[in-house]
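This report concerns only the one structure given below.
In this note's numbering, the protein residues as written are 1 to 96.
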């Protein structure tokens with residue numbers, strides 16, 4: 001994608017993480033947002049998959065960013081960085 005137009009910002013259309021007993025969701029969110037900024041500085045927008053649903057086995061998948069106080073805090077701190085776009089810049093494509 002970055003080779004198509006090296007001057008344009010990039011958006012991650014979907015990312016997220018679930019609540020798993022052996023993982024630290026807040027740390028994963030923090031690391032993800034930090035990595036986007038430090039390693040991929042052209043990423044200016046990322047849509048977090050904020051959903052909870054019941055699986056066929058009866059278990060729940062919980063990707064909601066506010067599933068814990070720690071996860072929500074990690075998200076809020078990460079997106080507060082001014083490197084992220086605060087508002088979408090929507091405009092029609094110029095006609096040729």
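Backbone N, C-alpha and C fix where the C-beta goes; we use that ideal spot for every residue, glycine too.
Beta-carbon proximity of residue i to residue j, cut-off 8 Å
i: residue 74; j: residue 29; result: yes
i: residue 26; j: residue 71; result: yes
i: residue 16; j: residue 48; result: yes
i: residue 81; j: residue 37; result: yes
Alpha helix (DSSP H) segment containing residue i, residue limits
i: residue 69; result: 69-79
i: residue 25; result: 25-39
Burial state of residue i (16 or more Cβ within 10 Å)
i: residue 90; result: exposed
i: residue 78; result: buried
i: residue 65; result: buried
i: residue 33; result: buried
C-alpha distance - residue i paired with residue j, whole-angstrom precision
i: residue 63; j: residue 53; result: 9 Å
i: residue 5; j: residue 58; result: 45 Å
i: residue 21; j: residue 96; result: 54 Å
i: residue 50; j: residue 39; result: 24 Å
i: residue 56; j: residue 7; result: 44 Å
i: residue 76; j: residue 94; result: 35 Å
i: residue 1; j: residue 31; result: 22 Å
i: residue 83; j: residue 3; result: 21 Å
i: residue 24; j: residue 68; result: 11 Å
i: residue 35; j: residue 92; result: 31 Å
Residue span of the beta strand (DSSP E) that contains residue i, given as start and end
i: residue 47; result: 43-48
i: residue 62; result: 60-62
Quick check: the region 43-50 against the region 10-24, are at least 3 beta-carbon pairs closer than 8 Å?
yes
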